[in-house]
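Asker: Residue numbers (this note's numbering), protein chains in the order written: chain A, 104 to 292; chain B, 24 to 167; chain C, 3 to 74; chain D, 2 to 462. Virtual Cβ for every residue (Gly too), placed ideally from N, Cα, C. Structure in structure tokens, see below.
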């Protein structure tokens, strides 16, 4: 699907420290997902009614934005490995912009709910919805900052090392992976 | 199994992760502060209740009792004592007043604090206010 | 590929089909997309088995949890 | 000892151990009052004894942390302490203020103490662990600021290492968060909400940074493992601590009038709090296994490993046991909490202070390690104290389970005092275990005076 020169020995793509963080984050999200599922099971009608108030087109757009951004990050790493640092910088920048679009879109959605007077304490559904989405929102925000930082460094005389690039990429893909589960779970199921 | 593990990355995660979760905690605190008026029974706080809290603190009641489950575990929970005593401030006052100065042989006994009538009324009102805080249905039963 | 799967996902979700088979299909799509991300984006197909297993395991557990409720 | 100014920590360590003995003495009194209700009544009522017990704990641990900082900071920064005189002056101020406060607790009725110290002006007294008169609290802030200044200047003008930077962050956090002890609104929910910012964010936040950096320092010294390796693990472990521990504060926001979502947040994040403790255990044993030298101070290595294990058991496992909201609904404020508190404080903080004392004390006396017999005595005291603490925890857990059952969980709940009578056998057993702990502590103090043949030098593995 994508051509990245594979290595002979199994190697972790990115820093071990980042992977420890990723596992921890996945664990947190995973527990919350399972808690959501359990709560859903107990209050099906409440959750269905809540889901009906969410905007699926906006969330679909967001999914595409994140997936595309992930693909761009992969391109950036390919470019960086080939030594095309400026090109990599643009790929990173593109991914960051898509991430920003996600944030903007999501913010509008959250703003809309807040205008309607909905908060974490409104109902069990909104607690989960707002809590999960906001927690993920913060992760995207962090990811965008990281990608922007990587992009900036690509245009500087001393480009970032591959370890940093792989690590940034791995974090971003984790954010993507979480959303890929979160979106169908909260919006569609 | 080979892997890269750098100190700078570990440091970035430490600082980044801390800032991230501190901000998240502050955001949650902000939300909590907005929600509290609906459940912390602040409308019931009168000068008398304020005096009651001061009496509560200056006699170190928390050194034996729990209040909403926090404190020492030597004497009964008092967050719901107003209800346990049949919704009566008089019963609370009578109990505090009746403590023997030299205790009860072999048994635990609350000290005699020699509170004035005003202080007694204040502490009873404070405990009444405490019992009406929305604590998510805690404690599980009237025994606290 | 991921894009197509996403649209399929949305299609399933919005058509209002009831019944657990639709939900199971949705879970299957989540799993497919997640696996693609893990293998190719995260590039774990060249990673040590431990890490690959952990992330795939996470996805499997989450999907199983969702599927479990769908059937239950 | 590389730098002469490191010697100030000796004062701090001595005070710490002295106050530790006092703390355990009052612990025994408390334990007895649980079963003989009128013991020492009304001279030392339970609330006073408990206040002395817990405040002595906090104060002696602070002495221990400060002593640890004064010992390890010059060595890490590779320079003398910025001002040894300030360190000595602050020691006496802190000791005298602490002693006066404790005497105040014991000699004056608490309400009288409040009046004497002007609690009316800024009421901060009478809240658990923060019982100190307002003026003592101000004193603590002054001492903490002077201490931070002294240590901070040493660190910032010397070699900066991960250990000192983490330690400095931890100590700064300790001082800053303590400021919330001055905020005491009438609104009980607000009071409790921010009270936890001192208590929880101390013991499950910044104190763990202090713990981590002291442990890392000792491990570098006694194992000879590369500093790079230890430092990056230190970063990862404390990162996990803060990631789980900050939102983990939510496990105290279940039933105090705060919104319901804290039950979910607190449960999930605090359920993950054992992870950093587990990592710490794995880390400590790994480093000892990979050691490049056999340090003659076997006792210090034992304490270091013991810290990692007991912190995991006490803070991690016993914390996890009752941290999930549906469980905590029944166990909140019972002897289960007391069980967890005892083992967590002993495992994490008591043991880390004893670790650094064990390592540093012989060096300050001019030896690489204490003589062999002294070490044997010290290791005996380690096992006596640790095993009896395990039993104290088990007995209190038994008491707590029974209490939860009889008072909270059944259809016919019994009143508090009736339940207390039924669980008295557990309290008796706890008191016996407490006596064994005291014997261990006496042995520990004796180990400083035990004479025997020298322990030799470090040898490569």
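Which residues in the same chain as residue 36 of chain D place their Cβ atom closer than 7 Å to its Cβ, once the five residues preceding and following it in sequence are excluded?
Answerer: 425, 428, 429 and 432, listed in sequence order.
Asker: Give a yes or no on whether the minimum CB-CB distance between residue 231 of chain A and chain C is below 7 Å.
Answerer: For residue 231 of chain A, the answer is no, since every Cβ of chain C falls outside 7 Å of its Cβ.
Asker: Please state whether DSSP places residue 131 of chain B in a helix, a strand or coil.
Answerer: Three-state DSSP puts residue 131 of chain B in coil, outside helix and strand.
Asker: Mind pulling the alpha helix (DSSP H) runs of 4 or more residues that sit fully within the stretch 365-425 of chain D?
Answerer: With a minimum length of 4 residues, the continuous alpha helix (DSSP H) runs that stay inside the stretch 365-425 of chain D are 373-404 and 417-423.
Asker: Using beta carbons (cut-off 7 Å, strictly below), is residue 137 of chain A in contact with chain C?
Answerer: For residue 137 of chain A, the answer is yes, since a Cβ of chain C falls inside 7 Å of its Cβ.
Asker: Going by DSSP, which residues form a beta bridge with residue 100 of chain B?
Answerer: Residue 100 of chain B is bridged to B/89.
Asker: Do the CB positions of residue 245 of chain A and residue 180 of chain A come within less than 7 Å of each other?
Answerer: Not closer than 7 Å, so no.
Asker: Taking DSSP as the reference, what is the three-state secondary structure of residue 114 of chain A?
Answerer: Note: residue 114 of chain A maps to strand in three-state DSSP.
Asker: Measure the alpha-carbon distance for residue 464 of chain D versus residue 438 of chain D and round it to whole angstroms.
Answerer: Since the first residue shown for chain D is 2 and the last is 462, residue 464 of chain D is missing from the structure and cannot be characterised.
Asker: Can you name the residues that DSSP bridges to residue 27 of chain B?
Answerer: Answer is A/118, bridged to residue 27 of chain B.
Asker: Checking 7 Å against the spacing of the C-beta atoms, do residue 82 of chain D and residue 6 of chain D come in under that value?
Answerer: For residue 82 of chain D and residue 6 of chain D, yes; Cβs fall inside 7 Å.
Asker: Is there at least one Cβ from chain B nearer than 7 Å to residue 110 of chain A's Cβ?
Answerer: Any reading at residue 110 of chain A needs caution, since the residue's pLDDT is 48, under 50, leaving its predicted position unreliable; the model's value is listed next. Answer no: the Cβ-Cβ gap between residue 110 of chain A and chain B never drops below 7 Å.
Asker: Listing by chain order, which chain B residues have their CB less than 7 Å from the CB of residue 126 of chain D?
Answerer: Correct list: 80 and 81.
Asker: Would DSSP call residue 308 of chain D helix, strand or coil?
Answerer: Of the three classes helix, strand and coil, the one that applies to residue 308 of chain D here is helix, per DSSP.
Asker: For the alpha helix (DSSP H) containing residue 153 of chain B, name the first residue and the last one.
Answerer: Its alpha helix (DSSP H) spans residues 140-154.
Asker: What three-state label does DSSP hand residue 325 of chain D in the structure shown?
Answerer: The answer is coil: DSSP assigns residue 325 of chain D none of H, G, I, E or B.
Asker: Could you give the distance in angstroms between the alpha-carbon of residue 262 of chain D and the alpha-carbon of residue 445 of chain D?
Answerer: About 47 Å.
Asker: Can you tell me which of D/137, D/71 and D/70 puts its alpha carbon nearest to the alpha carbon of residue 101 of chain D?
Answerer: Taking only the C-alpha atoms, the option nearest residue 101 of chain D is D/137.
Asker: Can you find a CB in chain C that lies within less than 7 Å of the CB of residue 197 of chain A?
Answerer: It does not: the Cβ of residue 197 of chain A has no partner Cβ on chain C nearer than 7 Å.
Asker: Assuming residue 54 of chain C is part of the alpha helix (DSSP H), what are its boundary residues?
Answerer: Run containing residue 54 of chain C: 51-73, per the alpha helix (DSSP H) assignment.
Asker: With residue 101 of chain B and residue 150 of chain B assumed to form a contact (beta carbons below 8 Å), what rounded beta-carbon distance in angstroms separates them?
Answerer: 6 Å between Cβ atoms; contact.
Asker: Which residues does DSSP list as the beta-bridge partners of residue 295 of chain D?
Answerer: DSSP output for residue 295 of chain D lists D/460 as bridge partner(s).
Asker: Distance cutoff 7 Å, beta carbons only. Does residue 59 of chain C sit that close to anything in chain A?
Answerer: No, no contact with chain A.
Asker: With 7 Å as the threshold, decide whether the Cβ of residue 55 of chain C is near any Cβ in chain A.
Answerer: Chain A, which has no Cβ nearer than 7 Å to the Cβ of residue 55 of chain C, makes this no.
Asker: Thinking C-beta only, is residue 307 of chain D closer than 7 Å to residue 413 of chain D?
Answerer: No, they are not a contact pair.
Asker: In terms of residues, what are the limits of the alpha helix (DSSP H) holding residue 37 of chain D?
Answerer: Premise fails: residue 37 of chain D is in no alpha helix (DSSP H) and is neither H nor E.
Asker: Which residues, taken in chain order from the stretch 117-141 of chain A, show a beta carbon closer than 7 Å to some beta carbon of chain B?
Answerer: For the stretch 117-141 of chain A, which is checked against every Cβ of chain B, the residues closer than 7 Å are 118, 119, 120, 121 and 124.
Asker: If you draw a straight line from the C-alpha of residue 45 of chain D to the C-alpha of residue 107 of chain D, how long is it?
Answerer: One C-alpha to the other measures close to 7 Å.
Asker: Is any beta-carbon of chain D found at less than 7 Å from that of residue 204 of chain A?
Answerer: With 7 Å as the cut-off, residue 204 of chain A does not count as an interface residue toward chain D.
Asker: Name the residue from A/185, A/199 and A/152 whose alpha carbon lies nearest to the alpha carbon of residue 276 of chain A.
Answerer: Measuring from the Cα of residue 276 of chain A, the nearest candidate turns out to be A/199.
Asker: Do you know whose CA, among D/360, D/55 and D/122, lies nearest residue 223 of chain D's CA?
Answerer: If we check each option's Cα against that of residue 223 of chain D, D/360 comes out closest.
Asker: Among D/375, D/270 and D/367, which one has its Cα closest to the Cα of residue 324 of chain D?
Answerer: The shortest Cα separation from residue 324 of chain D among D/375, D/270 and D/367 belongs to D/270.
Asker: Quick one: does residue 43 of chain C have its CB under 7 Å from some CB of chain A?
Answerer: Yes, residue 43 of chain C counts as interfacial toward chain A.
Asker: Per DSSP, what kind of secondary structure is residue 258 of chain D in: helix, strand or coil?
Answerer: Residue 258 of chain D: coil per DSSP, three-state reduction.
Asker: If residue 94 of chain B sits next to residue 205 of chain D, beta carbons under 8 Å apart, how far is it from one beta carbon to the other, in whole angstroms?
Answerer: That pair is no contact at about 19 Å.
Asker: Show which residues of chain A have a CB atom less than 9 Å away from the CB atom of residue 54 of chain B.
Answerer: Correct list: 222, 223 and 224.
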